[in-house]
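Protein chains in written order, with UniProt numbering: chain A, 1 to 202; chain B, 1 to 202. For every residue, glycine included, the Cβ atom is placed at its ideal position computed from N, Cα and C.
Number of protein chains: 2
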Amino acid sequence: METPKRRRSATRARLLEGALEVFAERGFHGASVEDICDRAGFTRGAFYSNFASKDELVLALFQATTDRLLEQIAALLPDLANQPGTLLDAVLGLLDEAAPDQRQWHLISTEFTLHALRHPEAAAALNLQRAMFRDQLTRLVEEITRASGLQMSVPPQQFVRLVIAVHEGARAQSLLEPDLVPAGSLEHTFLPLVLDAVSSRT
Amino acid sequence: METPKRRRSATRARLLEGALEVFAERGFHGASVEDICDRAGFTRGAFYSNFASKDELVLALFQATTDRLLEQIAALLPDLANQPGTLLDAVLGLLDEAAPDQRQWHLISTEFTLHALRHPEAAAALNLQRAMFRDQLTRLVEEITRASGLQMSVPPQQFVRLVIAVHEGARAQSLLEPDLVPAGSLEHTFLPLVLDAVSSRT
């Protein structure tokens, strides 16, 4: 039976999905709340009963994607917690699959970052969300190094920042030149080398 | 004495400088040719006698910045060609100084990359320019490894791609959280480790 709560959650999901497409086509600034509602087949009332603003919708998109990713990583842990190299490769694979469409995802996440660089309120909200995501990844890295009897020569938080930087920087290159830079290739080539260089047996 | 050629070059320089400011304020799409001319104190005629379009102006901005960077790197070579680690640190420092204002530079270069992801013609022009820049950096890496008697376990071109990916990805983090991620900190922490991991004495 469809409960009001379940209906509300389906509405949110369809709005998020429609927004991702509209943002990719028209850009974060070019896409209006009306465009998003038209695409998802809802009224503006439905939009505003779910999100206070376009900013809030984008942050909800980020949250949904990072939640999914963290769940997928957690599912790998029981088998791979003591094999950091294999786990890192698996996590890098998940990073490329966490968003249903890497191009759409890159467009909106990069555009919102630029928006944040011009609007302190958006920056505060984005930074808070990114910090929570990094903290959860950092805890995973700490758990894994403990389980594998490894010690890192850099703060795990810094290693997580590097993984994110390489992933975001490499994604731009992969999207610009997909034939020359297959998705994930720079990450898979270099990040295991870094992990190895900063890890030692305790 | 001011020659027509020198005057033309000064006009270009002022247009480029004005454009960088206007792009940072209004975005690549929000800034019109008129806005750029107003800022630089020229007519639209002056603009179009120097650039066919906004796209062409942005590519000229990129070219000027990468030319300056390559010149600065070349100036370091005589002293540091056989000290790859020191040279890498120096080059990373130059990357942060090549543009007069990192925030403005990040905004326009990222926005133009997004524009290219939506417009194949812009992508072709941008890719060509980025390829030339990478090729010149790759030749430098080859020269340095030769001079230092080193061999790399990855193609030098891949290492150059990684440096660019880390730099571009880390710059977004530095601009969002300048207190937590000082400019260049991720690059200086991790890239020398990578260089070391992929280099061996011949």
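A direct Cα-to-Cα measurement between residue 102(A) and residue 111(B) gives close to 17 Å. Runs of alpha helix (DSSP H) with 4 or more residues, each lying fully within the segment 56 to 118 of chain B, are found at 84 to 97, 102 to 118, listed in chain order. Take the alpha-carbon of residue 77(B) and the one of residue 10(B): they are about 30 Å apart.
Contact between residue 92(A) and residue 184(A) holds, since their C-beta atoms are separated by about 6 Å, short of 8 Å. Look at residue 103(B): its C-beta is under 8 Å from a C-beta on chain A. Shown here for residue 166(B): same chain residues with a beta carbon closer than 8 Å to its own, the five before and five after excluded, namely 186, 187, 190, 191 in chain order. By the Cβ rule, the segment 44 to 62 of chain B does not count as touching the segment 162 to 178 of chain B, because fewer than three pairs are nearer than 8 Å.
Under the DSSP assignment, residue 150(A) falls in the beta strand (DSSP E) whose first and last residues are 150 to 152. For residue 154(A), the closest C-alpha among the options 35(A), 96(A), 199(A) is that of 199(A). When DSSP reads this structure, residue 201(B) sits in a beta bridge with 150(B).
Contact check for residue 15(B) against residue 62(B) fails: the beta carbons are separated by 8 Å or more. When the Cα atoms are used, residue 172(A) and residue 113(B) turn out to be separated by approximately 8 Å. Going by DSSP, residue 179(A) is part of no alpha helix (DSSP H) at all; its letter is neither H nor E. Straight across, the Cα-Cα distance linking residue 84(B) with residue 181(A) is about 25 Å. Counting the other Cβ atoms within 10 Å of the Cβ of residue 145(B) gives 16 or more, which makes it buried. Proximity of residue 170(B) to chain A, defined by a Cβ-Cβ separation below 8 Å, is satisfied. In the structure shown, residue 43(B) adopts coil according to DSSP, grouped into three states. Interface residue (Cβ-Cβ distance to chain B less than 8 Å): residue 189(A) is classified as such. Residue 122(A) and residue 152(B) have their C-alpha atoms spaced approximately 43 Å apart. For residue 184(A), no alpha helix (DSSP H) segment is defined, and its DSSP state is neither H nor E. Setting aside the 5 residues that flank it on each side, residue 43(B) is surrounded in the same chain by 37, each with a C-beta closer than 7 Å to its C-beta; the list follows chain order.
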